[in-house]
Amino acid sequence: MLVFNPLNDHYPEPLNSFQEEVFDFCLQWKLGKNEFLFHTSGSTGKPKPIYLSRLSMIESANMTKEWLNLQEGDHVLLCLPIEYIAGSMMLVRALVLKLNIVLVEPSQNPLKSIKKPINIHLASFVTTQWSTILQSKINLFTFFSEVKGILIGGSELTSSLELLTKEIELPIFQTYGMTETSSHIAFRLISSEDAIYQCLKGVQIKLNDQCCLCIYSPSTLNQWIETNDVAELIHENQFSILGRKDFVINSGGRKIHPELIEKSCQSFFAQHSISCKTFAYGLHDDFYGQKLVLFIETKDEFHFQLQLMDYLKLNLESWEVPKQFIVLPEFLYTKSGKIDRPNTLTLYLNNLKSSTWIF
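Going left to right, the sequence shown walks through residues 729 to 1087 as our numbering numbers them.
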């Protein structure tokens, strides 16, 4: 762990490559670099390079400041890789808003590396980190007694993880954003009863003709951008995400959003205290065009296939019920914590050990 002010003229000697990357980014920023290269998460395919302007990142930092009332001298935790936008924006916020950085090398439980009590005012974790932190039973109030926001991003929370999070009396948010928007543009308080996102100040939203969310924000330099997220507008500044356009499965002429099946599975797992992750996918099929298949991640024997199938039949439309379950010992993940669906599928197709049930 290292606590430092990124605006200082001199930094300590880096102890590892992560510190070296962080110090180099800060130096480039202070020298006035106007454009930075990032890559998308890669959850839907090969990560794509994206250049972001200095101004768009400054606008994003100021939006977060106004949302969470960040003040000069506050401490922010950086425990994410900085080649992705979530990590780099922690640095930018500190540089723009004159915040102190608590620097911890990325790991599944970064809080274990903090050896002395410290008041952190802003922290950001991917869901896999957050899950590991809660499983460790670590006392969160040792670090977050004065926190203004704990941000969880990267992927959706499982039902069981969301239930655990709701029990914690801290301001914990799931955020919505992407590389193209220089991090988050909307949030939802996880302790709330619904999954509706609230836009940050200055953000406008609409749907295109494919019902995908379009965003106009100071952090996009007041330009409209189109996303691949199929959404429902609740209010002029509130929305919910239904799924990804590029994940849609066309099976027998029916368009299926896999996220709906995955959420139903997580509800079943939460009711039965089962810890599993899933993703639904459309495999080529001569009859259906695409056959709906459910991939399940567990290293244990999976004994719940019949109960799960009965539950899905009861809670989903008939065409939304998977035709096949495929159980794998582990999925592949991107660095941002999202399930790497294409490469996990490739491993399966290359005969990775699995259990299969066809219905």
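No residue lacks a Cβ here, since even glycine has one placed at the ideal position from N, Cα and C.
These numbers come from a predicted model, not from an experiment.
* Going by beta carbon distance, what residues of the same chain come within less than 7 Å of R916, once the five residues before and after it are set aside? -> Here residue 916 refers to the residue found at position 188 of the sequence shown. If you ignore the 5 residues before and after R916, its C-beta comes within less than 7 Å of the C-beta of F901, Q902, A923, I924, Y925 and Q926, all in its own chain and listed in chain order.
* Buried or exposed for L868, please, with buried defined as at least 16 other CB atoms from any protein chain shown within 10 angstroms of its CB. => On the sequence shown, position 140 is the one that residue 868 refers to. The residue in question, L868, is buried, as its Cβ has 16 or more Cβ neighbours within 10 Å.
* To do: Look at the Cβ atom of L803, then the Cβ atom of N828, and state whether they are nearer than 7 Å.
  => Against the sequence shown, residue 803 aligns to sequence position 75. Against the sequence shown, residue 828 aligns to sequence position 100. Note on identity: in this sequence residue 803 is His, with Leu being the wrong assignment. The Cβ atoms of H803 and N828 sit closer than 7 Å to each other.
* **C-alpha gap between T792 and S784, whole angstroms** => Residue numbering aside, residue 792 sits at position 64 when the sequence shown is read from its first letter. Residue numbering aside, residue 784 sits at position 56 when the sequence shown is read from its first letter. Taking the Cα positions, T792 is about 13 Å away from S784.
* Touch check for the region 836–845 and the region 812–821: three-plus C-beta pairs under 8 Å? -> These segments do not touch.
* Test item: CB-CB of G930 and N978 under 7 Å -> As a first step, residue 930 is located in the sequence shown; it is residue number 202 there, counting from the start. As a first step, residue 978 is located in the sequence shown; it is residue number 250 there, counting from the start. Taking 7 Å as the Cβ cut-off, G930 and N978 do not qualify as a contacting pair.
* Asked: Taking the runs of the alpha helix (DSSP H) that are 4 residues or longer, which of them lie wholly in the region 769–847?
  -> Those alpha helix (DSSP H) runs which fall completely within the region 769–847 and span 4+ residues are 782–796 and 813–825.
* Asked: Of the residues L970, N950, F764 and F853, which one's Cα is nearest the Cα of E811?
  -> The residue you call residue 811 lines up with position 83 of the sequence shown. Out of L970, N950, F764 and F853, F764 has the C-alpha closest to the C-alpha of E811.
* **Distance CB(F1056)-CB(N1071) smaller than 7 Å** => Residue numbering aside, residue 1056 sits at position 328 when the sequence shown is read from its first letter. Residue numbering aside, residue 1071 sits at position 343 when the sequence shown is read from its first letter. This sequence places Leu at residue 1056; Phe is not what is there. No. Outside cutoff.
* Asked: Going straight from the alpha carbon of S835 to that of I861, what length do you get?
  -> Start at 1 with the first residue of the sequence shown, and residue 835 comes out as number 107. Start at 1 with the first residue of the sequence shown, and residue 861 comes out as number 133. Between the alpha carbons of S835 and I861 lies a distance of about 10 Å.
* Please go through the same chain and pick out, in chain order, the residues whose beta-carbon is closer than 6 Å to the beta-carbon of P809, but skip the five residues on each side of it. => For this step, residue 809 is matched to residue 81 along the sequence shown. Scanning its chain for C-beta atoms nearer than 6 Å, with the 5 sequence neighbours on each side dropped, one finds around P809 the residues G815, P834 and K1063, in chain order.
* Asked: Does the region 993–1005 come close enough to the region 1033–1045 to have 3 or more Cβ pairs within less than 8 Å?
  -> Contact between the region 993–1005 and the region 1033–1045 is established, with three or more Cβ pairs separated by less than 8 Å.
* To do: Measure the alpha-carbon distance for I918 versus N956 and round it to whole angstroms.
  => Reading the sequence shown from its first residue, position 190 is the one you call residue 918. Reading the sequence shown from its first residue, position 228 is the one you call residue 956. When rounded, the distance between both Cα atoms is 23 Å.
* To do: Give the single residue among T1084, N1043 and D1013 whose Cα lies nearest to the Cα of E1029.
  => For the purposes of this step, residue 1029 is taken as residue 301 along the sequence shown, with counting starting at 1. Ranking T1084, N1043 and D1013 by Cα distance to E1029 puts T1084 first.
* Asked: Do you know whose CA, among S1003, R972, I953 and S995, lies nearest Y1009's CA?
  -> Reading the sequence shown from its first residue, position 281 is the one you call residue 1009. Of the candidates S1003, R972, I953 and S995, the one whose C-alpha sits nearest the C-alpha of Y1009 is R972.
* What does DSSP give as the partner residues of A851 in its beta bridges? -> In the sequence shown, the residue the question calls residue 851 occupies position 123. A851 is bridged to L805 and I878.
* Between S788, H985, L1073 and V832, which lies nearest to A914 when the distance is taken from Cα to Cα? -> Here residue 914 is taken as the residue at index 186 of the sequence shown, counted from 1. It is S788.
* To do: Could you tell me the boundaries of the beta strand (DSSP E) in which S745 lies?
  => In the sequence shown, counting from the first residue as 1, residue 745 sits at position 17. First-last for S745: S745 to K758, but that is the alpha helix (DSSP H), not the beta strand (DSSP E).
* Asked: Apart from the five residues on each side of it in sequence, which residues of its chain come closer than 7 Å, Cβ to Cβ, to E954?
  -> Stepping through the sequence shown from its first residue, residue 954 is reached at position 226. Scanning its chain for C-beta atoms nearer than 7 Å, with the 5 sequence neighbours on each side dropped, one finds around E954 the residues N936, C940 and C942, in chain order.
* Asked: For F1023 versus I1054, is the C-beta spacing smaller than 7 Å?
  -> By one-based count along the sequence shown, residue 1023 stands at place 295. By one-based count along the sequence shown, residue 1054 stands at place 326. Yes.
* Asked: What is the DSSP secondary structure of S919, reduced to helix, strand or coil?
  -> Residue 919 sits at position 191 when you count from the first residue of the sequence shown. Coil, per DSSP.
* Quick one: Cα of T948 to Cα of G905, how far? -> Here residue 948 refers to the residue found at position 220 of the sequence shown. Here residue 905 refers to the residue found at position 177 of the sequence shown. About 11 Å.
* Can you tell me where the alpha helix (DSSP H) with Y1039 in it begins and where it stops? -> Counted from its first residue, the sequence shown places residue 1039 at position 311. Counting along the chain, the alpha helix (DSSP H) containing Y1039 begins and ends at Q1033 to N1043.
* **Beta-carbon proximity list for Q1117, same chain, < 6 Å, skipping 5 on both sides** => Residue 1117 cannot be examined here, being either before or after the span of the chain that is shown, 729 to 1087.
* **Touching by the beta-carbon criterion (3+ pairs, under 8 Å), the region 955–969 and the region 793–801** => Contact fails: fewer than three Cβ-Cβ distances are below 8 Å.
* Asked: Helix, strand or coil: how does DSSP classify Y925 here?
  -> In the sequence shown, residue 925 corresponds to position 197, counting from 1. Y925 carries a strand assignment under DSSP once its states are collapsed to helix, strand and coil.
* Asked: Got a sec, what are the start and stop residues for the beta strand (DSSP E) C942 sits in?
  -> By 1-based counting over the sequence shown, the position of residue 942 is 214. Note, C942: beta strand (DSSP E), C940 to Y944.
* DSSP-derived helix/strand/coil call for Q999 -> By one-based count along the sequence shown, residue 999 stands at place 271. Correct three-state label for Q999: helix.
* Could you give the C-beta distance for G1088 and V854, rounded to a whole number, given that I count them as a contact under 8 Å? -> As displayed, the chain neither begins before 729 nor continues past 1087, which places residue 1088 out of reach and without an answer.
* Asked: So which of I813, T893, I786 and L805 has the shortest CA-CA distance to P777?
  -> Sequence index remark: in the sequence shown, residue 777 carries index 49 (1-based). Residue I813 is the option with its Cα nearest to P777.
* Assign G881 to one of two classes, buried (16 or more other C-beta atoms within 10 Å of its C-beta) or exposed (fewer than that). => Taking the sequence shown and counting its residues from 1, the one referred to as residue 881 is at position 153. That one is buried.
* Asked: Should P734 go down as buried or exposed, given a rule of 16 or more other Cβ atoms within 10 Å for buried?
  -> Here residue 734 refers to the residue found at position 6 when the sequence shown is read from its first residue. Classified as buried, P734 has 16 or more neighbouring CB atoms from the shown chains inside 10 Å of its CB.
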